[in-house]
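Numbering (the numbering used here), first residue to last: 162 to 560.
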């Protein structure tokens, strides 16, 4: 991907608002499958033009195809080998639920169901009707070889993005794809000899999607929030125990990235987009060195989140390897308030002062299309990000 000594480049986490007509079709993605396929190029062109108008340099397709289902759900139509089976009460659950460490300290909040309301998305916290969430009765289980079957789908994604950026030499395109952990770590293995064999098989399957993207000359963003959020799934682990698990996780991720060009790989991690306290998030200082072991050129992570905005100081002690790029989130998805460009510039200057301007790109904490209340706010946040990046660039150049 591009490196710039001229100005701080801008990008984002992936998910963006969709045109109204396309949104209506997504209400019934199966019944409207043909119309969705025909409408995809125009929808992608719309979101590309909007990103360019906001000053985004490294842009994507808005994740429109993935938006019809829950965050990780799109992979179910592209990878076979899993089944939804009734939960067997005699088999202990593989891991705890989302935000389990927080749940123990905030039981009333979780019992209210308010954590299901998102971070400012379509269901607003103020209008959410409290009530305990339904207890799950089914679980995802690997019962057959994990096999990638999404060749046609990823080819369509690639074609739509390539068509949208054709003739626009000043921008680069990326496509987000699930990391192996987010694709498969939550499912129970009932087919492979052990968890290692199972997760390596998931990585092999996901590699086909990654390779299709890089073979097309595009950047692949490996979406792996579970790199940090798994700390919540194992609430009784110590930091040392979690780091040992992350060493294995890095091995799995790199297995999926083997022999792919690092300059076309961006790795995204976050602490989850849930509307919850986050007081027990794993601290960045405990995992940042392991993050750098992932074979990617750029690393995207939350940095405007109020629980993690101070953690830019990690880079005072941790050296960024040569050729690597940091993509801190300088605008967030946890609030509808639009960040001031001066605040964005301040955040970028903090990072640039430690690792150099050419090694920093402005990003968002996570995908903001389905988490911010209205699309007008999304575009305003992206514009504030690019304006702030321009301010930071001028100040750095002035030095």
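Note that CB positions come from ideal geometry on N, CA and C, so glycine has one too.
**Request:** Would you check if there are 3 or more beta carbon pairs closer than 8 Å linking the region 249-259 to the region 363-374?
**Result:** Flag = no, the region 249-259 and the region 363-374 do not touch.
**Request:** Let me know if residue 316 comes out buried or exposed under the rule of 16 or more other beta-carbons within 10 Å of its beta-carbon.
**Result:** So residue 316 counts as exposed.
**Message:** Let's test the definition: count the other Cβ atoms within 10 Å of the Cβ of residue 312 and tell me whether it reaches 16, buried, or not, exposed.
**Reply:** Looking at its Cβ environment, which holds fewer than 16 other Cβ atoms inside 10 Å, residue 312 is exposed.
**Item:** residue 350 (DSSP reduced to helix, strand or coil)
**Value:** Reduced to three states, the DSSP call for residue 350 is strand.
**Request:** Below 8 Å on the Cβ atoms is my guess for residue 334 versus residue 170; work out the distance and round it to an integer in Å.
**Result:** About 13 Å; that fails the 8 Å criterion.
**Request:** Would you kindly work out how many angstroms separate the C-alpha atoms of residue 381 and residue 273, rounded to a whole number?
**Result:** Residue 381 and residue 273 have their C-alpha atoms roughly 38 Å apart.
**Request:** Let me know the secondary structure DSSP gives residue 244 once reduced to three states.
**Result:** Strand.
**Prompt:** DSSP three-state call for residue 521: helix, strand or coil?
**Reply:** Look at residue 521 here: in three-state DSSP terms it is strand.
**Prompt:** Nearest-angstrom Cα distance between residue 262 and residue 326?
**Reply:** A direct Cα-to-Cα measurement between residue 262 and residue 326 gives close to 43 Å.
**Three or more C-beta pairs below 8 Å linking the region 411-420 and the region 482-496** = No: fewer than three Cβ pairs fall under 8 Å.
**Prompt:** From the DSSP output, which residues share a beta bridge with residue 460?
**Reply:** BP columns for residue 460 point to 428 and 487.
**Item:** Extent of the continuous alpha helix (DSSP H) run through residue 334
**Value:** Residue 334 -> not in any alpha helix (DSSP H); beta strand (DSSP E) instead, spanning 333-339.
**Request:** Note down, in chain order, each residue of its chain lying with its Cβ closer than 6 Å to the Cβ of residue 344, except the 5 sequence neighbours on either side.
**Result:** Within the same chain, and ignoring the five residues on either side of residue 344 in sequence, the residues whose Cβ sits closer than 6 Å to its Cβ are 236, 363 and 367.
**Request:** Take residue 250 as the anchor and find which of 300, 444 and 492 has the nearest alpha-carbon.
**Result:** Per the Cα distances, 300.
**Request:** Report yes or no: do the region 435-450 and the region 496-506 share at least 3 C-beta pairs separated by less than 8 Å?
**Result:** These segments do not touch.
**Request:** Please name the residue, chosen from 419, 421, 388 and 420, that lies closest to residue 405 on a Cα-to-Cα basis.
**Result:** Among 419, 421, 388 and 420, the Cα nearest to that of residue 405 is on 388.
**Request:** Using 10 angstroms around the beta-carbon of residue 189, count the other beta-carbons present and answer buried if the total reaches 16, otherwise exposed.
**Result:** Exposed is the call here.
**Asked** How far does the beta strand (DSSP E) with residue 377 in it reach, from first residue to last?
**Response** Neither: residue 377 is in no beta strand (DSSP E) and is coded neither H nor E.
**Message:** So for residue 306, helix, strand or coil by DSSP?
**Reply:** Reduced to three states, the DSSP call for residue 306 is strand.
**Item:** Between the CA atoms of residue 419 and residue 286 - distance to the nearest angstrom
**Value:** The pLDDT assigned to residue 286 is 37, lower than 50, so where the model puts this residue is not dependable, and the model offers no usable value.
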